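I have placed the structure first, in the form of structure tokens, so that the comments after it can refer back to it.
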Amino acid sequence: MYVFDNPRTLIGEEYPDRLKTYLSLEKGRAAIRAIQSWPGYAPTPLVDLPHLAARAGVERLAYKNEGERFGLGSFKALGGAYALARLAEARERPQDLVVCCATDGNHGRSVAWKASGIGCRCLVYLHREVSTERERAIAAFGAEIRRVNGNYDDAVRAAAADAAQSGWIVVSDTSYPGYSDIPCEVMQGYSVMIHEVRHAQYRPSHVFVQGGVGGLAAAVCADLWESFGTSRPRLIVVEPEGAACLFASARAGRPVRIERQPQTVMAGLACGEVSLVAWDILSLGAAHFSTIHDESAISMMRELASGDGGALPIVAGESATAGLAAFLKCASDPVLRRQVGIDCTSHILCFGTEADTDPDLYTQLVGRSGAEVRAGRRLGHVVVANEP
């Protein structure tokens, strides 16, 4: 594991006004009101993990479990769907919209879900590594699937090019030159998670959050920074070693594109280019950028599924456990522990960003299906309670 101290982070300063043009508490309140009005809305569990907190030598460890969000299996249900809902609000005939997006799976599912509810046409671009399980989940909402022979970033470019030629609207979770308004709406949708954490009266000292293109991490950073100002929690961005575009950008002091094909089992974090808006926020707000090995995330998937330590079994997909795995690595290493400022009084927040959105892969990595874990089966024994 590697941890890089961000030399550009603004310590002891309030959330900058210029960043409020991207994300703000005021805009977040509008997102919260809208999303709470959707059928099926319910806050996702903030799960205490006291056995892991004791192991790590901290006062509290909380895991925001997004696995059941709107029945879509991930936090992405908040983002793409909200951005598309905002587009529909501005149209007299929203069913005439034609939207497209690129995805590793979860974002496309969110956009397709909302498009199905609106009744508009939706095209979703998938790169060659996206599993057939995730493709089927998207297509189930009536989206048209287009495969791209490349990686996620190639799919983003293909969607943007086709949209420009055909007059479609791109609903992307990543921003690039000349395109930022819709990704900001996507990220603002994610802020519902932080609202729920604050509503639960939990104030973390440290937040370990997944990277990817940076959208989730930037949404978390912006909300907590504006909410708590100069005493905001310390934010640690976590990426796979084989797909660490934010880490590379932090070290370079500017957005960096990773030229090689991202190599990681964490499909939702397999990104080679940062979102420019997200980078603008994280480059000033994140305290540290870090990388972990795939095996750390996989081991954490298995531990959460096992219900060891008396915890309820949790179905966490391969991208869900990166932050939690990184925290435990930092907590167990004396040098890293001092570097990120963890001690016995620390309150840690991690995000379980997805459940088994690729059921076959989950079964392969954990050794049991998500359905078996939810049923409370553990190593041939029945656990008393099921996952919340």
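Sequential numbering from 1 applies to the sequence shown in the UniProt record's numbering.
Where a beta carbon is used, it is the ideal one built from N, C-alpha and C, also for glycine.
From a predicted model like this one, the values you see are computed outputs, not experimental measurements.
Check                                                                                                                                                                              : Outcome
State buried or exposed for residue 174, treating a residue as buried only when at least 16 other CB atoms are found within 10 Å of its CB.                                        : buried
Do residue 278 and residue 189 have their beta-carbon atoms positioned less than 7 Å apart in this structure?                                                                      : no
Report yes or no: do three or more beta-carbon pairs, one from the stretch 309-328 and one from the stretch 51-63, lie closer than 8 Å?                                            : yes
If distances are taken between C-alpha atoms only, which option among 304, 201, 283 comes closest to residue 368?                                                                  : 304
Write down the C-beta distance between residue 198 and residue 227 rounded to the nearest angstrom, noting that I regard them as a contact closer than 8 Å.                        : 7 Å
Return the first residue and the last residue of the beta strand (DSSP E) that residue 245 is part of.                                                                             : Element bounds for residue 245: not the beta strand (DSSP E) but the alpha helix (DSSP H), 245-252.
Which residues bound the beta strand (DSSP E) around residue 210?                                                                                                                  : 206-210
By a C-beta neighbour count over all protein chains shown, 10 Å radius and 16 as the cutoff for buried, is residue 263 buried or exposed?                                          : exposed
Once the 5 residues before and after residue 6 are set aside, which same chain residues still bring their CB inside 7 Å of it?                                                     : 250, 286, 287, 288, 289
Whose C-alpha, out of 376, 306, 260, 237, is nearest the C-alpha of residue 351?                                                                                                   : 237
Under 8 Å by Cβ, that's how I've got residue 331 and residue 342 pegged, so tell me the actual separation to the nearest angstrom.                                                 : 6 Å
Leaving out the 5 sequence neighbours to the left and right, which residues in its chain are closer than 8 Å to residue 234 when beta-carbon positions are compared?               : 205, 206, 207, 287, 288, 340, 341
Quick one: measure Cβ to Cβ for residue 49 and residue 311, integer angstroms, because I've assumed they're closer than 8 Å.                                                       : 6 Å
Leaving aside the five residues before and after residue 34 along the sequence, list all residues of the same chain whose C-beta is less than 7 Å from its C-beta, in chain order. : 82, 85
Below 8 Å, how does it come out for the stretch 256-275 and the stretch 19-37: are there three or more Cβ pairs, yes or no?                                                        : no
Once you ignore the five residues that flank residue 110 on each side, which residues in its own chain have a CB closer than 7 Å to its CB?                                        : 72, 76, 77, 79, 80, 81
Are there 16 or more other CB atoms within 10 angstroms of the CB of residue 211, so buried, or fewer, so exposed?                                                                 : buried
Using a 10 Å radius around the Cβ and a threshold of 16 neighbouring Cβ atoms, would you call residue 8 buried or exposed?                                                         : exposed
Within 10 Å of its beta-carbon, does residue 37 have 16 or more other beta-carbons around it, so buried, or fewer, so exposed?                                                     : exposed
By Cβ distance below 6 Å, which residues in the same chain neighbour residue 153 in space, the five residues on each side in sequence not counted?                                 : 272, 273
Where residue 88 and residue 120 are concerned, what is the direct C-alpha to C-alpha distance, given to the nearest angstrom?                                                     : 9 Å
What's the call for residue 390, buried or exposed, on a 16-neighbour Cβ count within 10 Å?                                                                                        : Residue 390 falls outside the range modelled here, since the chain spans only 1 to 388, and no answer is possible.
Tell me which same chain residues have a C-beta within less than 8 Å of the C-beta of residue 18, skipping the five on either side of it?                                          : none
Helix, strand or coil for residue 145, going by three-state DSSP, please let me know.                                                                                              : strand
When you compare the CB positions of residue 176 and residue 155, do they come within less than 7 Å of one another, or not?                                                        : no
By alpha-carbon positions, which one of 169, 178, 357 ends up nearest to residue 96?                                                                                               : 169
Hey, would you say residue 150 sits closer than 7 Å to residue 116, going by beta carbons?                                                                                         : no
Three-state secondary structure (DSSP) at residue 377?                                                                                                                             : Any reading at residue 377 must be qualified, since the residue scores a pLDDT of 46, below 50, and its modelled position is unreliable; the value itself is stated next. Strand, per DSSP.
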